[in-house]
Structure formats: C-alpha cells, structure tokens
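Chemist: Quick note on our numbering: the sequence shown kicks off at 402 and runs consecutively.
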Amino acid sequence: MSPSSENNRVTRQVIKSFLVKLQEEGEGALVRNAITEMDQKLLDPFVLLVEFSFSLSVGYPDHPHRGFESLTYMLKGGIIHKDLKGQKSIIKAGDVQWMTAGRGIIHSEYPEQEVNNGLQLWINLPSIHRMMEPKNLELSGSEIQRAEEDGVEVKVIAGDSMGIKSPSHTTTPMMYLDFTLKPGSQTHQAVPESWTAFAYILEGDEGVFSSMNSSAISAHHVVVFGPGELVSVWNKSSSRSLRFLLIAGEPIGEPMVQSGPFVMSSQAEIDMAFEDYQNAKNGFEMAKSS
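#1: Apply the 10 Å Cβ neighbour rule to residue 556 and answer buried if 16 or more other Cβ atoms are within range, or exposed otherwise.
#2: Return the first residue and the last residue of the alpha helix (DSSP H) that residue 484 is part of.
#3: Out of 470, 479, 485 and 502, point me to the one whose CA is closest to residue 495's CA.
#4: Counting only runs that start and end within the segment 529-594, where is the beta strand (DSSP E) found for 3 or more residues in a row?
#5: Classify residue 475 as helix, strand or coil using the three-state DSSP reduction.
#6: So, residue 651 versus residue 568, is the Cβ gap smaller than 8 Å?
#7: Label residue 679 either buried or exposed according to how many other C-beta atoms from any shown protein chain fall within 10 Å of its C-beta, with 16 as the threshold for buried.
#8: Nearest-angstrom Cα distance between residue 562 and residue 587?
#9: For a test of the three-state rule: what should DSSP assign to residue 599, helix, strand or coil?
#10: Suppose contacts are defined by Cβ-Cβ distances below 8 Å. Is residue 630 in contact with residue 411 by that definition?
#11: Thinking just about the alpha-carbon of each residue, which of 443, 634 and 409 is nearest to the one in residue 653?
#12: Ignore the nearest five residues each way along the sequence and tell me which others in residue 689's own chain have a CB closer than 8 Å to its CB.
#13: Measuring CB to CB, does residue 677 end up less than 8 Å from residue 505?
#14: Is residue 663 near residue 468, with beta carbons less than 8 Å apart?
#15: Rounded to whole angstroms, how far is the Cβ of residue 520 from the Cβ of residue 451, which I believe are closer than 8 Å?
#16: Out of curiosity, what's the CA-to-CA distance linking residue 517 and residue 463?
#17: Our contact map puts residue 539 next to residue 509 with C-beta atoms below 8 Å; I'd like the distance itself, whole angstroms only.
Below, the structure is given as structure tokens:
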C-alpha cells in the first residue's frame, strides 16, 4: 500500500512495546515468550507466541492439545512433526503448518537439523468451535504468496496485503504478514478497525512505528497497536533491512483459560481436558497407544 493510500484513515498508535528476552527451557532449548499471560486479554484472540530454537538432543515428545489453533512458521532449519494418527511431516525454513487442535490432538515435535529457528502462534477459538475435529495443513515456502513494491516485500501467510490474498482459511479471522523493509523504505498496511494488532520484530534496529517521529525499536520487541485502520512502519536505517511479523485478528471477547497444553473457556473445562487425556477419551482415544 502506498503512502498516498493512507489519506483519511486513522493510523494505529503504539500503546505498548517490550523486549522479549531469550530464556533457556530445559537443556538445549532457547525460547522467547512474546505473549505472556498478562498480555492475553490485551491481545485477544492470540494466546501465545514463542520464538524457539533447540538442539538435536531436544524435542517435544507426544503431548496433547485441545481448544485452539496453532501456526508454526520456520525461519531456519526444520522440525519433524508426527501425530498419533500416523501423519508425519517436515516443516522446513519458509514453510508453515496450521494445526487445529480442536477436541483433541496428540503430537510430537523434534528438530530436523542442528541449526533451527521458528515461531509458533496459538490462536484462540470461539467456544462454539473449541471441540471441532482436529486437522493439519502444511504450506511450503513456495506456496506462500508474496509481493514487492518500493523496497517493501511481504509474505502473505494469512490475510491480504499489496493485492495478494492468502488461500489459507482460518477459523478465527486474522492476518499474519511477514514484512521486510529495505533501508529507507516504509509501509502502510490496512487492518480492520475492530481487530487486535501487534508486531514482532525479527531483524533490524531502527524500526519506527505509527509516526516518523517515534523512537526506533529493535529486534525481538513486541509492538502493540491501539485502535485505527492503518499500521504505519518506517525503516530509518541506512544499511540494514527491517523484518517484522504483523499479526492481527478479530477479538473473540469470551472467557478464556489457558493451562499447559489446553485453551478452554473455564477452569472446569480445563480439568475435563486433563481428565479426558488421562482416560484416553473424548478426542484423546489415541493416548491408549502412546
């Protein structure tokens, strides 16, 4: 979208930004938890965003999920995904996996290469869809549409940008855009006014958001936007590109409780999810063979 297209549209202002620190998780895993429990209400419908990397000796053995959808986006290397229904896939750099946990899924995730880096986003589901049938969808990097204009490149993983629309259907309406701005370039992305929107900076140290006079924000920061119709971003660097994810979605506005691998509408439903998994029933029947 060109700067002239922003006429008469309200630019979203930054209401919060914070650095996401690198933490060790177990032995051999490094993570940045970009959405904390404190931010879940602010960022409805998003529950969790984790940037991760782990050594070949580390992985996540069979574990359950219920009540949400996840989007895994690999930046480097790859991970091996298996579920107890016998499905196996390798998600490599540039690839995306959509996983609808729905009423219950049991899967494992292990690194495919020593050098790996990716992100996983958890998206809440409306209560009427929490117990839908689980499913997986993989998109290779070559299937993800992209556009480039005036020094700005965007990969459209969900939603639309620069006249490109993602073929992915999401249960909760949302957008997930991977922007790269060359030095000195800018972008002005339309976002539905009622949606929650935030950015996560992957690379660069002179990203300026909302106003050209704002302070620069660097890699591994989350930038949360207030209401409005446009997200405006400038790369003030003269030598380095700015890469960030712009993530936005329609708030669900319902009670939500997250506990470990489950996202439900109440503590009672969380307790039932744990009970169902332990007893291998109501979507977790495959747990009998794990």
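Built from N, CA and C at the ideal position, the CB exists for glycine as well. Here the structure is a predicted model, which means the values were calculated and not measured.
Modeler: With the given structure in hand:
#1: Position 155 of the sequence shown, counting from 1, holds the residue named residue 556. Label assigned to residue 556: buried.
#2: For the purposes of this step, residue 484 is taken as the residue at position 83 of the sequence shown. Here residue 484 belongs to no alpha helix (DSSP H); instead the beta strand (DSSP E) covers 479-484.
#3: On the sequence shown, residue 495 is found 94 positions in, with the first residue counted as 1. Residue 479 is the option with its Cα nearest to residue 495.
#4: 536-540, 546-550, 553-559, 575-582 and 587-591
#5: As a first step, residue 475 is located in the sequence shown; it is residue number 74 there, counting from the start. Correct three-state label for residue 475: strand.
#6: By 1-based counting over the sequence shown, the position of residue 651 is 250. By 1-based counting over the sequence shown, the position of residue 568 is 167. No, the pair does not count as a contact, with Cβ atoms beyond the cut-off.
#7: Position 278 of the sequence shown, counting from 1, holds the residue named residue 679. Exposed, since its Cβ has fewer than 16 Cβ neighbours within 10 Å.
#8: Walking along the sequence shown from the start, residue 562 turns up at place 161. Walking along the sequence shown from the start, residue 587 turns up at place 186. Rounded to the nearest angstrom, the two C-alpha atoms are 14 Å apart.
#9: For this step, residue 599 is matched to residue 198 along the sequence shown. Looking at residue 599 - three-state DSSP - the assignment turns out to be strand.
#10: Against the sequence shown, residue 630 aligns to sequence position 229. Against the sequence shown, residue 411 aligns to sequence position 10. Contact: yes.
#11: Residue 653 sits at position 252 when you count from the first residue of the sequence shown. The candidate whose alpha carbon is nearest that of residue 653 is 443.
#12: Here the question's residue 689 lines up with position 288 in the sequence shown. Only 681 meet the Cβ criterion.
#13: Along the sequence shown, read from residue 1 onward, the residue named residue 677 stands at position 276. Along the sequence shown, read from residue 1 onward, the residue named residue 505 stands at position 104. Contact flag set, yes.
#14: Here residue 663 refers to the residue found at position 262 when the sequence shown is read from its first residue. Here residue 468 refers to the residue found at position 67 when the sequence shown is read from its first residue. Result yes, Cβ atoms of residue 663 and residue 468 sit closer than 8 Å.
#15: For the purposes of this step, residue 520 is identified with residue 119 of the sequence shown, where counting begins at 1. For the purposes of this step, residue 451 is identified with residue 50 of the sequence shown, where counting begins at 1. About 7 Å separates the two Cβ atoms, so the contact holds.
#16: What you label residue 517 is simply residue 116 of the sequence shown in a count that begins at 1. What you label residue 463 is simply residue 62 of the sequence shown in a count that begins at 1. So the alpha carbons of these two residues sit roughly 20 Å apart.
#17: Counting from one through the sequence shown, the residue named residue 539 turns up at place 138. Counting from one through the sequence shown, the residue named residue 509 turns up at place 108. About 16 Å separates the two Cβ atoms, so there is no contact after all.
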